[in-house]
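For the sequence shown, position 302 (counting from the first letter as 1) is numbered 872 according to our numbering, and the numbering increases by one without interruption.
Even for Gly, the Cβ is constructed at its ideal location relative to N, Cα and C.
Treat the numbers as computed from the prediction; the structure is a model and nothing was measured.
Report on the following structure.
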Amino acid sequence: MDPGRPLPGRGSFLSSSVHAAAALLLLLVLLVTLLGLPTSISPRAAPALTDQRPQEPTCDPASPLDCADPRLFHLMMRSAIEAFPAVHFARFGRPVPGDPPSASCDMAWRARSDSDSPSKATTKDYRRFAIARDPRTCAYSVLSIGEYHSGPNARKPRRAATNATIAPPPPPALSRSQFARGSYLAYVGGGDRCKPMPHYLRSLLCALAEARYLNRTLVLDLTLCLAASYAAAGTGGMPEEGKRLAFYIDVDHLHSQVPIIEDGQFWADWDRWGVQGQLPARLVEDTRHAHIKFSKVRDTLIVRKFGDVEPGNYWYNVCEGEAKGVLSPMRRVIRWAPSLMHIVDDIVSRMQPDFDSVHIDANGEDLRRKVEEGLDAGRQVYVAGEGVSSALVEALKAKLTVHHLDEFEDLWGTDSKWFLEMRRLNGGVPVEFDGYMREVVDREVFLRGKKKAEVLRIAALDHGKRYSDSVP
571 MDPGRPLPGR GSFLSSSVHA AAALLLLLVL LVTLLGLPTS ISPRAAPALT
621 DQRPQEPTCD PASPLDCADP RLFHLMMRSA IEAFPAVHFA RFGRPVPGDP
671 PSASCDMAWR ARSDSDSPSK ATTKDYRRFA IARDPRTCAY SVLSIGEYHS
721 GPNARKPRRA ATNATIAPPP PPALSRSQFA RGSYLAYVGG GDRCKPMPHY
771 LRSLLCALAE ARYLNRTLVL DLTLCLAASY AAAGTGGMPE EGKRLAFYID
821 VDHLHSQVPI IEDGQFWADW DRWGVQGQLP ARLVEDTRHA HIKFSKVRDT
871 LIVRKFGDVE PGNYWYNVCE GEAKGVLSPM RRVIRWAPSL MHIVDDIVSR
921 MQPDFDSVHI DANGEDLRRK VEEGLDAGRQ VYVAGEGVSS ALVEALKAKL
971 TVHHLDEFED LWGTDSKWFL EMRRLNGGVP VEFDGYMREV VDREVFLRGK
1021 KKAEVLRIAA LDHGKRYSDS VP
């Protein structure tokens, strides 16, 4: 074969090979384009396979905390239990946002005394938890727990806003038809004014019992005259008129148990509609008239008028004699004002949940010995009663951790919640923490003790029983 002669079919072969290669390259480019792969495999292009945008944080530390998150709730509970190993926690409240809401939550709890305590008393506290969040993982951590009552946002509102917190608005005016449909019982006069509080409460309970038995609304003066024996310092030791009943009694609870109308409102309405003879009334001037005689009376108003001669003009005489078995005192309708019970709760919370208490109604050189005989050495003790003195307290501190009422006077001082609440209730006029308020708070703290002892005068051995039964 001639060497200079081209091989047959070579050109056509090369041409077809070039076409095939071009088609293959075009197909590869299309495939790369569809898959979004880089068209270069140089080292500079390799990082394009990784997203180089900065990662956004999972949590914004400046945003409000989700205090309702169950994970955070459980963490706060564990932190409280670990921080206060001596506290017997009974129940935790749901956390709520604190201040600032981006870094804190408030949580309340109840703690109980030892299971051996007969009173089963519980104390309340609410504290602020400082919370941190990991900006990437959103994991929570508790940085610190505040002091006693440092988390006010978690404080549970009192059941039914009471008039001890906010001055009650004036009752709505009744129409004539509304007023006429009612039936009323009014006690007028009597010798109960300015008497000691146990006397007043005894008469009030009697009036409430008769009103309930007759199914009538009791016309009641919601102010009282405080006996001179309870007068606060600076009042000259004179009886104090115009003290609001709500300073001492939970009036809202009273309303819920027995229908009551404030006497000023009632007599204003009666002057408009009843005094003209349009509504019938019956006057009763003898306390010996049995209540059963009025059970079917249809008069709009029954007035019991009491005379001027004591002791026959005391209201509680209505419930004596034949009526005693029917008009029994309804002690459960009387509860102490929430404002006073808040002070009791705060005092108990400041002491260890497990404390003993002693009520002292005696004096003499051997008083310290008598007190120590009824208590265990080393215990925390609250001392209550008229026999407490600074000298006795100092003497008892040798063997006991002693607390007494005056130690907590900041709870009713001019900067306290109690003082502000009372001033608001009293129309802006400050209210003194008087002797009967002291007696109520002192007694209620005494009753919260695990082990209770009383030191009494020899001449008044039954005083302990009266002390427990003279008030609700």
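Spatial distance of residue i from residue j (CA atoms)
i	j	result
Val-712	Ala-650	10 Å
Ile-930	Leu-975	13 Å
Val-657	Ala-681	7 Å
Asn-881	Arg-772	The question names Asn, but residue 881 in the sequence shown is Pro. Cα to Cα, Pro-881 sits roughly 14 Å from Arg-772.
Ala-851	Ala-724	52 Å
Lys-967	Phe-978	17 Å
Ser-919	Pro-634	30 Å
Glu-1024	Leu-815	30 Å
Ala-702	Arg-939	54 Å
Cys-776	Met-921	38 Å
Leu-995	Phe-1003	14 Å
Ser-745	Trp-679	47 Å
Gln-540	Asp-878	Any property of residue 540 remains undetermined from this structure, which presents the chain solely from 571 to 1042.
Whether residue i touches residue j by CB criterion (8 Å)
i	j	result
Leu-796	Lys-813	yes
Val-896	Phe-925	no
Trp-982	Ile-913	yes
Arg-1008	Val-999	no
Ala-781	Met-900	no
Val-845	Arg-874	no
Leu-970	Leu-945	yes
Tyr-800	Ala-907	no
Thr-870	Ala-750	yes
Pro-792	Val-758	Checking the sequence shown, residue 792 turns out to be Leu, not Pro. Cβ distance not < 8 Å, so Leu-792 and Val-758 don't count as in contact.
Per DSSP, cross-strand counterpart(s) of residue i
i	result
Thr-971	Gln-950
Pro-1059	Absent from the model: residue 1059. The displayed extent of the chain is 571 to 1042, so no value can be given.
Lys-1022	Ser-927
Ser-714	Ala-700
Lys-875	Val-758
Phe-662	Trp-679
Ala-653	None, per the DSSP bridge assignment.
Simplified DSSP assignment, three categories, for residue i
i	result
Gly-760	coil
Arg-725	coil
Lys-940	helix
Asp-822	helix
Glu-956	coil
Lys-863	helix
Glu-855	coil
Cys-889	helix
Gly-997	coil
Leu-849	coil
Pro-613	Confidence in Pro-613 is poor, its pLDDT being 37 and thus under 50, which makes the residue's placement unreliable; the coordinate value appears in the next sentence. DSSP places Pro-613 in coil when its eight states are reduced to three.
Val-789	strand
Arg-868	coil
Asp-985	coil
Residue of the options minimising C-alpha distance to residue i
i	options	result
Arg-664	Gly-948, Ser-672, Phe-654, Asp-676	Asp-676
Lys-894	Thr-870, Cys-708, Gly-1019, Ile-862	Ile-862
Gly-955	Lys-875, Met-646, Gly-1005	Gly-1005
Asp-630	Leu-970, Phe-836, Ala-673, Ala-756	Ala-673
Pro-667	Phe-654, Phe-643, Val-879	Phe-643
Pro-768	Met-646, Trp-885, Ala-632	Trp-885
Heavy atom of the ligand MN within 7 Å of residue i beta-carbon
i	result
Gln-748	In terms of ligand content, the structure shown is empty, and the ligand MN therefore cannot be addressed.
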